[in-house]
Each structure stands twice: as structure tokens, then as C-alpha cells.
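Under the UniProt record's numbering, read the sequence shown as residues 1 to 365, first letter to last.
Presented below is the structure to which this report refers.
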Amino acid sequence: MASSLRKIGQKILLSHCKRDYNILQRLLSNDVRKGFVGMVGRTPLIRLNKVSEETGCDIVVKAEFANGGGSVKDRAALFLIQQGIDQGRLKSGGTVVEGTAGNTGIGLAHLCNAMGFKCVIYMPNNQSQEKIDMLRLLGAVVFPVPVVPFDDPDNYNHQARRHAESLDNAVWTNQFDNTANRQAHIETTGPEIWQQTEGKVNAVTFGTGTGGTLAGVGMYMKEMSKDVKVILADPQGSVLYNYFTHGKLERSPGSSITEGIGQGRVTDNLKGAPIDEALCIMDTDAVSMTFRLLKDEGFFVGASSGLNVVAAVQVAKQLGPGHVVASCLCDTGQRYYARLFNRTWLKEKGLFDSVPEECHGFLHS
Ligand SMILES: Cc1ncc(COP(=O)(O)O)c(C=O)c1O
């Protein structure tokens, strides 16, 4: 049974993948992973038992913390670098420059070491110290810069572009508007979810930073079946919920403690994404779920993973029992240890009461 399903999956994949060169090989082999690049993608799909039992659905999540660099952004990082190489703009010893809230930078920095490039990262200076320390540890040159809107020339993305332009043999990978980002998810995350659920997935839901994950997985799913629902999970304070619900680029109330997700604009990666519905998820719910994932399911992850699972539960309830809803656990909680798992910080943010009582003992002060 399993082997015949696998063969059907192989056929479906071969007929739908634009570049079928090594996806099947990557998905189906238990081979030795070749270096760091081999550690990008092919992550396990986990059924979250407690929330699945509660909803009567299978809520399944890709273990994106299992990528070599520890987050979903490793996939985009690999495709962004590969594009620079393929286009002849990045040659041996060259420099990769990016504006990133952290995780893409960590993926890029690992890959630059493994592939023989230098790495320069511009990031907003409100990001967690763990991520900055990690980037420096990996040898990246990091510029934390003041937080200013995208249309300000000093926005971290524009600073990254100018830096790359000032160097020879350098690329600005431009994760927000370079669609090589979503291509990573069209060619890897989407096919993996389809194959791992044996084509039974009914809905996918993801929070969006660049929009690469949601758009790429969504596009792949609609290619496989128009019936798969593609649902955007937006944190409070982002514009995308209002944009996809009412057509207005207006922020929802508040601002979010989640990192790496939430947007003030429609990026090129999000343009044309086949989004059926948007949900606005409150920090109180995302934080509560992050701790439930730790206590009830056993996973130590960041708040964007909590937000994804809150959305998946909402979607499962909308669809009713018997459906399969897929999302991802984006990264590990270790990256947010100093803040999200700190009693004082949670109190300052008004989020302490969202931590389930049985988890209070897990917090540090
Ligand atoms: C922790 C985390 N979760 C989710 C995302 C969103 O992924 P995407 O940029 O593909 O929308 C990011 C992006 O940086 C992230 O850092």
C-alpha cells in the first residue's frame, strides 16, 4: 500500500514540478545528506496529537526547525543564493548581502560558510539579541539599524541593496521582492507536504513575513488541487488581514511580539498568491499556543509557530472533523529564550496571563 502510494506521489510530482531535477531524489531518498546544502528541506511532517484530537482533524506541521540553519528560511536562503550563482552575478569568494529580521540571515550565513561566500546582514535593531549573536558567531558582518518604514531610504532593505551595489562580485538577495524565495516553497515545501499527506491535505495556513512560504506552498497546492484552501495567518498590527479581507492596506489594531512575520505592504512574493481567506491572530492566542506546544505536544518553538497552530486549529474547526490542515513550526524557541520565556518580559508586554498556569514554572525571571 505504502509503496503504491509512493509511486503515485512520484508520478504526480514529476508531472507538476517545473524543475524536477532532484526533488524526487531529495524527497524520497534516505541517503547521506550532502553537506549543509543537503540539510535544507525534506523536513519531517508531524501530526500534533492534542490539537488534532480536540478538533477531530489531522493538524500536521512541517518541522522547519530541523533545517540545518534551524528555520523555514533556510529554504529561501538556498534558492536566493543559487539564483545569484545561476545568473553569474555571484562567483567564488563573493558577498551575499541581505536585509533580514534574522532567520533568513542565519540561513544565508550558514550557507555562505558552506559554499565559500562572505555574508553581510542589515537588520532592524528591535530583533532578539540571540539572533544577532548567532549571525556574528557564524561570521556574518551584522548592521543592526534603526527601524524606519520601507519607503524611507534608510530602511534596512535599502541599506542592504546600496551595500551590495558598492561591491564587486556581490548580490543583494532581496528576499521580500525576489520571487526565487517563493520558488523554494513551490519546489520543496509544497511538494513535500503533498507527498507526506499522500495528497490528502485540505488546507494550508502560514503566517507571512516575505510571503514566500504561504505564496509558494499555496501556488503548488492550487496546481495540485483547486480544492485545497490557502489561508493567510496574520499577526495583530499587520496590514495583510485587512488587505485580503477588505482590500485596504490598513493595520489591524496593536502591534505584535512575533518576529519574522507581519507586513506593512504586499511584497512581490505575495503578489498573485492564491489566498482564499485571511485570519487575524492575537498575540495572546499565539503565546498561549506556543506554551501549549511546549507542555502538551513537546515542542520548544517560537511564537510564529504558535500563531501558525492557532490558525490551523481555527481552520480545522471551520472545516469540521476529518480534514487535514497543514502548517509549519518555523523555528526553535531557543532563539527567543531571553524574551518569550522570561516572566518579566511577558508581564511588561501584558502577555503573562496568556501563559497556561501549568507552564508558569517553565519561565525564567
Ligand atoms: C520565525 C519566522 N516565522 C515565519 C516567517 C515567515 O516566512 P516567510 O518570509 O516565508 O513569509 C519568518 C520569516 O522571516 C520567520 O523568521
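The beta carbon of each residue, even a glycine, is placed where N, CA and C say it ideally should be.
Please read these numbers as outputs of a predicted model, since none were measured by experiment.
6 Å CB neighbourhood of residue i in its chain, flanking five on each side removed
i: Q196; result: L45
i: E357; result: none
i: V264; result: Looking at the sequence itself, residue 264 is Gly, so the reference to Val does not match. Result list for G264: V239, in chain order.
N- and C-terminal bounds of the alpha helix (DSSP H) containing residue i
i: residue 378; result: Not covered by the structure: residue 378. The range shown for the chain is 1 to 365.
i: E165; result: Y156 to E165
i: F299; result: F299 -> no alpha helix (DSSP H), and no H or E assigned at all.
Simplified DSSP state of residue i, which is helix, strand or coil
i: I275; result: coil
i: K347; result: helix
i: T189; result: helix
i: T258; result: coil
i: F150; result: coil
Contacting residues, own chain, Cβ-Cβ under 8 Å from residue i (five flanking each side not counted)
i: N342; result: L363, H364 and S365
i: H323; result: C57, D58, N202, A203 and A316
Buried or exposed (CB count within 10 angstroms, at least 16 for buried), residue i
i: A215; result: buried
i: K248; result: exposed
i: R47; result: exposed
i: T344; result: exposed
i: Q87; result: exposed
i: R75; result: buried
i: L137; result: exposed
i: S166; result: exposed
Limits of the unbroken beta strand (DSSP E) element including residue i
i: P235; result: K229 to P235
i: A66; result: Taken as a continuous stretch (DSSP letters only), A66 belongs to no beta strand (DSSP E), as it is neither H nor E.
i: R47; result: L45 to R47
i: Y336; result: No beta strand (DSSP E) contains Y336, which DSSP labels as neither H nor E.
Rounded separation between residue i and residue j - CA only
i: A286; j: T205; result: 14 Å
i: S225; j: E348; result: 45 Å
i: G93; j: Q236; result: 41 Å
i: T284; j: R251; result: 18 Å
i: G306; j: N169; result: 40 Å
i: E297; j: V355; result: 15 Å
i: P274; j: S255; result: 26 Å
i: K91; j: L108; result: 15 Å
Short CB-CB distance (under 8 Å) between residue i and chain B
i: V141; result: Any reference to chain B falls outside this structure, which holds one protein chain only.
Cut-off 7 Å between Cβ atoms - residues of its own chain near residue i, not counting five sequence neighbours on either side
i: A63; result: T43, P44, I46 and L329
i: Q314; result: L279
i: residue 372; result: Given that the chain is displayed from residue 1 to residue 365, the structure contains no residue 372 and the question cannot be resolved.
i: V310; result: I281, D285, A286 and M289
i: R339; result: S128 and W345
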